[in-house]
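In the working numbering, the protein residues as written are 865 to 1200. Worksheet for the structure shown next.
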């Protein structure tokens, strides 16, 4: 495992986080053995949220049972819209979520705290003020936005600097080799993947703000279960959110190229897709959810897989495809 520092987080942060938005955690079940396995592999940072059912409660039970809070970095999120779509980016709702999260997690502070969604109608400076108060009280360390545009983050930090306050120091957008063509959950999901978001990626490269990528394997699109030849029956493998967000011809082409490169290098498709994330010259971390420790071990090994600049561009469709002889071709399949 590799680790990196994030401003205002006192412990090193593993480059791969374990995501708790899955069974048995969301139902409040006992996932202690799985969490033990992840921690044993070097994962010390865990992704949670008030909106993940009872996941915080399950994770808090593990922390309390194992008595390892001082070694663990917790990321949690607040302010997700209600089930009726009511926006909750305000101090009352954020404070309510924080209080509940601290209780469920059985801790008195959260290392990284984020707004789960943005509300552009709320002044960015108002959010900075709320987070700074929580930070000054010692209840949160680093803070930032999940599903915030880089423009809004820049606006928030300009306010923070002008008022000598603690700025946003972390962001969690959707980011993977798969282009998120449509919003999987119907609104407010920000992605920095795909050709349309090159400007956002350039901003993150320039600022080196930590990017905690969610759906880092395209919500299972690059899990290895789906094959590039399965386009017509993908719905039997992917859930409805993944189908809506990622099941498009350009992503199946990316998957095909992953398969090719994985075969050449003797590694797996998810390892190639994960290696691509860390080849983008951004300060990237990746959230991964899996019930199989051996899969997480493979993801960790992907940190050491080398991709050339040409290979990374090829995977993201920035280079021509290859024909059966391995030569590059143009769109008509003619060798170039």
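Quick reminder that beta carbons are idealized off the backbone N, C-alpha and C, glycines included.
In the DSSP assignment, residue 868 is bridged to 877. A Cβ-Cβ separation of about 30 Å leaves residue 1052 out of contact with residue 972 under the 8 Å criterion. For residue 995, no beta strand (DSSP E) segment is defined; the enclosing uninterrupted segment is the alpha helix (DSSP H) at 988–1000. A residue is called buried once 16 or more other Cβ atoms fall within 10 Å of its Cβ, and residue 987, having fewer, is exposed. In the structure shown, residue 1164 adopts helical secondary structure according to DSSP, grouped into three states. Note on geometry: alpha-carbon atoms of residue 1063 and residue 1055 lie some 12 Å from one another.
Judged by DSSP in its simplified three-state form, residue 956 adopts helix. Membership of residue 975 in the beta strand (DSSP E) is indicated by the continuous run 974–979. The DSSP assignment places 909–911 and 937–942 as complete runs of the beta strand (DSSP E) inside the region 902–959, in order along the chain (cut-off: 3 residues). The secondary-structure analysis by DSSP pairs residue 1152 across a beta bridge with 882. In the three-state reduction of the DSSP assignment, residue 1036 falls in the strand class.
When rounded, the separation of the alpha-carbon atoms in residue 1006 and residue 927 is 20 Å.
For residue 1075, the enclosing beta strand (DSSP E) has its first and last residue at 1075–1077. The C-beta of residue 941 has 16 or more other C-beta atoms within 10 Å across all chains shown, which makes the residue buried.
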